[in-house]
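Using this note's numbering, read the sequence shown as starting at 1 and increasing by one per residue. Glycine included, each C-beta is placed from N, C-alpha and C at the ideal position. Bear in mind that the values here come from a model prediction, so they are computed numbers and not experimental data.
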Amino acid sequence: MMWSIMPALHRLRDRFPALSRFPAMAGELSTNQFEVLGQDYLSALTTPAGNARRVTDKLLTNYFFVGLLHLLFPKAKFINTRRNPVDTCLSGFTKLFKDDMPHSYDLGELGRYYRQYDALMKHWEKVLPKGVMKVVNYEDVVADTDKYAREIIDFIGVEWGDACLEFHKSKRPVKTASVAQVRMPIYKTSVER
Numbered sequence: 001m002m003w004s005i006m007p008a009l010h011r012l013r014d015r016f017p018a019l020s021r022f023p024a025m026a027g028e029l030s031t032n033q034f035e036v037l038g039q040d041y042l043s044a045l046t047t048p049a050g051n052a053r054r055v056t057d058k059l060l061t062n063y064f065f066v067g068l069l070h071l072l073f074p075k076a077k078f079i080n081t082r083r084n085p086v087d088t089c090l091s092g093f094t095k096l097f098k099d100d101m102p103h104s105y106d107l108g109e110l111g112r113y114y115r116q117y118d119a120l121m122k123h124w125e126k127v128l129p130k131g132v133m134k135v136v137n138y139e140d141v142v143a144d145t146d147k148y149a150r151e152i153i154d155f156i157g158v159e160w161g162d163a164c165l166e167f168h169k170s171k172r173p174v175k176t177a178s179v180a181q182v183r184m185p186i187y188k189t190s191v192e193r
């Protein structure tokens, strides 16, 4: 399930109306407000996860909040999957997202958005402490899934399981735009599409 930190930021501003909007808010938060924000977001993320020991938030717009999320959860790991920019934008252009992503319906706007995303992610890669973020190239994962899956599992610090390579056999519900792809083994037809 995917969550966003945005509702937690809105609830924090409702509780503390003098706070500016994000990102200016980040520089105004007291220790108590950081704790309130972190606990609210973590609760929204983990409550539906039942007794899961770890959760993943893969919302596409999370890149904007990486710095704040790192401050809230210094032990959290971030994985940035890089892909050919044209393939990335084409993929977004062909999806009808349920979330508000109007930039994905105009190729010019999509290109500008991608450049801003890319610049911000390169910033996070430079400023975050070593070992917090891993950059993975989509094309490498497609070419050698076993190798890169093992690297990712090692990076996040969990035990390897062969089910990692058989994700498409999972019976768990999938509620993302990529539901059809999740039910198939890794394929190469989207490389250089």
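* Length of the line joining the Cα atoms of residue 4 and residue 82 -> A straight line joining the alpha-carbon of residue 4 with that of residue 82 spans about 21 Å.
* Asked: In three-state DSSP terms, what is residue 51?
  -> Coil, per DSSP.
* **Straight-line Cα distance separating residue 114 from residue 62** => Distance between the alpha carbons of residue 62 and residue 114 is about 14 Å.
* Counting pairs of Cβ atoms below 8 Å between the stretch 33–50 and the stretch 5–12, do you hit three or more? -> By the C-beta criterion, the stretch 33–50 is judged to be in contact with the stretch 5–12, since at least 3 inter-stretch pairs fall below 8 Å.
* When we look at the beta-carbon of residue 70 and count the other beta-carbons within 10 Å, is it buried (16 or more) or exposed? -> Its Cβ being crowded by 16 or more others within 10 Å, residue 70 is buried.
* The alpha helix (DSSP H) with residue 77 in it runs from where to where? -> Neither: residue 77 is in no alpha helix (DSSP H) and is coded neither H nor E.
* Asked: Can the beta-carbon of residue 155 be found less than 8 Å from the beta-carbon of residue 77?
  -> Yes; because the gap between Cβ atoms is below 8 Å, this pair is in contact.
* Reference residue 53, options 59, 45, 60, closest by Cα -> Ranking 59, 45, 60 by CA distance to the CA of residue 53 puts 45 first.
* Rounded C-alpha distance that separates residue 189 from residue 142 -> Cα-Cα distance, rounded: 10 Å.
* Going by beta carbon distance, what residues of the same chain come within less than 7 Å of residue 55, once the five residues before and after it are set aside? -> Only 45, 46, 49 meet the Cβ criterion.
* What's the C-alpha gap between residue 172 and residue 18? -> Cα to Cα, residue 172 sits roughly 42 Å from residue 18.
* To do: With a cut-off of 8 Å on the beta carbons, I'd call residue 79 and residue 152 a contact; round off their distance for me.
  => The C-beta distance from residue 79 to residue 152 rounds to 6 Å, short enough to fall under 8 Å.
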